[in-house]
Amino acid sequence: MAQSVRAMGMAEETETQPEVKDGLEEEDEEEEDLRKNPPLPGHVDHRCTDVPFLLFFLLVSAGVFWISYDAIKHGNVRKLGHGYNKAAKVCKDVDFSDGKVFWCLNSTENGLMLDVPICVPSCPISSQQQNKCWDSSQNAYRMAQDYPSRAFGYFCKPLGPELKQQIKSFGFDQDKGPILRLWGVLSRTWFVLVMAAVVTGFIGYCYILLLFISPDVVATWCTIILTVLPIGTGAWIVYTTANPGSALAISFLEDSEFSTTERYVAGVALLVAGGIASFVASGQRKYIEATTFCLDTAGDCLTEEWSILLEPLISVAAKVCLTALGFFVLFNLASMSVVEKDTAIGEALEKERYIQWSTQEKCKLFFFLIYLVWLEEAVVATSRYVMAYATEVWYFTEPDDEGRRQRSFTCLLVEAYWNVLRYHVGSTAMGSFMYTFGRIPAMVLRNPGIDCWAWCWNLEGLDFATKLMPPGMETS
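1394 is the number that the working numbering gives to position 222 of the sequence shown; each next residue is one higher, with no gaps.
Okay, structure coming up:
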């Protein structure tokens, strides 16, 4: 009987062994398939927030497209390079083909009357001529002496250092001046943006090269620079300003054009910025450590997937193109505020152009600017997804005999961008929207100091609630 039972057990064992073997083989095949076809970000299930936010993004984009089309169709960017006088009249018409904004000297000839600019046919190059100017102190017109100047954008820039400093201090104080000044600068210094893009790309690739050496050192030094440098610079500025007779102040601030108040403001601002950076870095410590680990892994990935090095270049190029296109639309939108009016001059009517800013146009400018920032954040989010996708593809690829993970295709970036278009436009738009408007509150709320405050608040609330309980229920 025992022998028959033993025989039956052996028979069952021999029958189950092939089943176990088949199960192990199936698990090996599943694991191999998993490594060849991992659950990449493009394969995750959709969430209910993707589609609604995608529709919201498309709706906002349609509104921005309509605003852009209307601005390009009815706007004229050249109008913004002309400047205007105190009456908001544009300084360029038939009589002033090259009209410029000019600020007259005051009655004592030691300063400029910045509140009453006039239009002149060309900038005076000497002090031998005079212009008819409105003197608000005397509430009358008078002939004011000219001064040497040269054309700079849409206005006449004085050559004297004192008058030049007044223009510099005047800066963007005019109500309608910022958009005009911005256009005047960008239209003549567009090559600076191109150079900045090239320098940014060069610095980015140098940063990637440093990742090959040591990501820990890069993360540590970046944290130190962002925290210690502003604090140290601010402390140095405050110290040298408070002790003008010290050797440091004499050697470094002897020819400074900034006043004591301006130096104090700059120093305190740097101290506050450094303190805020330290506050944020202390709350983001675990994220910095996780980022360092990811950077280390990404460095290994970049050595084997060199095509990924094109992604930073694509990202910077996309940002530059979006910024250039956005500013072009913004300037066209702003130029729509330049309107023509019929002005009576004697018995004749002459068309003159004036600047009129309506509330609707200001809202359009603000709306488009917010959308532009949102779109830039979407580019950053897409760049992060592409890098994460490439790293995950590399990680789940089966190593060869030499231990290197090499894919059988070279269009990894194309595949990553295609996945974004297929699966993640809505989630990318939602994440970039939340990042645009909730970045600073999120940083503050994630700080350990806020957690400690919330914990103490909960304890106080619990103690207060305990006092309100009837006797005998505190321990129940």
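Ideal Cβ placement from N, Cα and C applies to all residues, glycine included.
Just so you know, these numbers come straight off a predicted model, no measurement behind them.
Should the region 1403-1411 be regarded as contacting the region 1442-1458, the criterion being three or more beta carbon pairs within less than 8 Å? yes
Given 7 Å as the limit, tell me if asparagine 1278 has its C-beta closer than that to any heavy atom belonging to the ligand FMN. As for the ligand FMN, it is missing from this structure, which has no ligand bound.
Cβ separation of glutamate 1549 and serine 1599, assumed to be a contact under 8 Å, to the nearest whole Å: For this step, residue 1549 is matched to residue 377 along the sequence shown. For this step, residue 1599 is matched to residue 427 along the sequence shown. Not really, about 13 Å apart at Cβ, beyond 8 Å.
Considering only C-alpha positions, which residue in the set Ile1239, Ala1601 and Ala1506 is nearest to valine 1669? With the chain covering only 1173 through 1648, there is no way to say anything about residue 1669.
Drop a sphere of 10 angstroms on the beta-carbon of alanine 1414, count the other beta-carbons inside from all chains shown, and report buried for 16 or more, exposed for fewer. Counted from its first residue, the sequence shown places residue 1414 at position 242. Label assigned to alanine 1414: exposed.
Indicate the three-state DSSP secondary structure (helix, strand or coil) for tyrosine 1319 in the structure shown. On the sequence shown, position 147 is the one that residue 1319 refers to. Three-state DSSP puts tyrosine 1319 in coil, outside helix and strand.
If you reduce the DSSP assignment to three classes, tell me which class cysteine 1328 lands in. By 1-based counting over the sequence shown, the position of residue 1328 is 156. Strand.
Under a Cβ-count criterion, where at least 16 other Cβ atoms within 10 Å of its own Cβ denotes burial, should aspartate 1318 be classed as buried or exposed? In the sequence shown, the residue the question calls residue 1318 occupies position 146. Its Cβ being crowded by 16 or more others within 10 Å, aspartate 1318 is buried.
Please classify leucine 1331 as buried or exposed, where buried requires at least 16 neighbouring CB atoms within 10 angstroms. Taking the sequence shown and counting its residues from 1, the one referred to as residue 1331 is at position 159. So leucine 1331 ends up on the exposed side.
Cβ-Cβ distance between alanine 1391 and isoleucine 1460 below 8 Å: Reading the sequence shown from its first residue, position 219 is the one you call residue 1391. Reading the sequence shown from its first residue, position 288 is the one you call residue 1460. In contact: alanine 1391 and isoleucine 1460 (Cβ atoms closer than 8 Å).
Just list the residues that DSSP pairs asparagine 1278 with in beta bridges. For this step, residue 1278 is matched to residue 106 along the sequence shown. None; asparagine 1278 has no bridge partner.
Quick one: residues in its chain with C-beta nearer than 7 Å to the C-beta of aspartate 1468, no 5 flanking neighbours on either side, listed in chain order? In the sequence shown, counting from the first residue as 1, residue 1468 sits at position 296. Only Pro1387 meet the Cβ criterion.
Grab the span of the beta strand (DSSP E) containing aspartate 1307 for me, first residue to last. Counting from 1 along the sequence shown, the entry for residue 1307 is found at position 135. Counting along the chain, the beta strand (DSSP E) containing aspartate 1307 begins and ends at 1302-1307.
The region 1270-1286 touching the region 1298-1316, judged by at least three CB pairs closer than 8 Å: yes
Let me know if histidine 1246 comes out buried or exposed under the rule of 16 or more other beta-carbons within 10 Å of its beta-carbon. Counted from its first residue, the sequence shown places residue 1246 at position 74. Exposed.
N- and C-terminal bounds of the alpha helix (DSSP H) containing cysteine 1295: As a position in the sequence shown, residue 1295 is number 123, starting the count at 1. Looking at the DSSP string, cysteine 1295 is not in any alpha helix (DSSP H), and its letter there is neither H nor E.
Which value, in whole angstroms, describes the spacing of the CA atoms of alanine 1489 and leucine 1547? Residue mapping note: residue 1489 aligns to position 317 of the sequence shown, counting from 1. Residue mapping note: residue 1547 aligns to position 375 of the sequence shown, counting from 1. Taking the straight line joining both Cα atoms gives about 14 Å.
Would you tell me roughly how many angstroms separate the C-alpha atoms of methionine 1606 and leucine 1227, rounded to the nearest one? By 1-based counting over the sequence shown, the position of residue 1606 is 434. By 1-based counting over the sequence shown, the position of residue 1227 is 55. Each residue's Cα considered, the two are about 16 Å apart.
Serine 1386, enclosing alpha helix (DSSP H) - first and last residue: For this step, residue 1386 is matched to residue 214 along the sequence shown. Careful: serine 1386 lies outside any alpha helix (DSSP H) and carries neither H nor E.
Please state whether the Cβ-Cβ distance between alanine 1462 and threonine 1399 is less than 8 Å. For the purposes of this step, residue 1462 is taken as residue 290 along the sequence shown, with counting starting at 1. For the purposes of this step, residue 1399 is taken as residue 227 along the sequence shown, with counting starting at 1. Taking 8 Å as the Cβ cut-off, alanine 1462 and threonine 1399 do not qualify as a contacting pair.
Backbone CA spacing between phenylalanine 1374 and tyrosine 1557 [nearest angstrom]: Here residue 1374 refers to the residue found at position 202 when the sequence shown is read from its first residue. Here residue 1557 refers to the residue found at position 385 when the sequence shown is read from its first residue. In a straight line, the C-alpha of phenylalanine 1374 is about 22 Å away from that of tyrosine 1557.
In angstroms, rounded to a whole number, what distance separates the CA positions of cysteine 1328 and tryptophan 1306? Residue 1328 sits at position 156 when you count from the first residue of the sequence shown. Residue 1306 sits at position 134 when you count from the first residue of the sequence shown. About 18 Å.
Just the C-alpha distance for leucine 1585 and glutamate 1483, rounded to the nearest angstrom, thanks. Position 413 of the sequence shown holds residue 1585. Position 311 of the sequence shown holds residue 1483. For leucine 1585 and glutamate 1483, the distance between alpha carbons rounds to 7 Å.
Let me check understanding here. Comparing Cα to Cα, which of Asp1287, Gly1498 and Ile1542 lies closest to threonine 1608? If you number the sequence shown from 1, residue 1608 lands on position 436. When each option's Cα is compared against that of threonine 1608, the closest is Ile1542.
Please list the segments of the alpha helix (DSSP H) lying wholly inside the region 1443-1483, counting only runs of 4 or more residues, in order along the chain. 1457-1476
Sort out for me which residues DSSP pairs tyrosine 1653 with in a bridge. Outside the displayed range of the chain (1173 to 1648) lies residue 1653, so it cannot be described from this structure.
Just to confirm, is the Cβ distance from leucine 1286 to glutamine 1337 under 8 Å? Sequence index remark: in the sequence shown, residue 1286 carries index 114 (1-based). Sequence index remark: in the sequence shown, residue 1337 carries index 165 (1-based). No. Outside cutoff.
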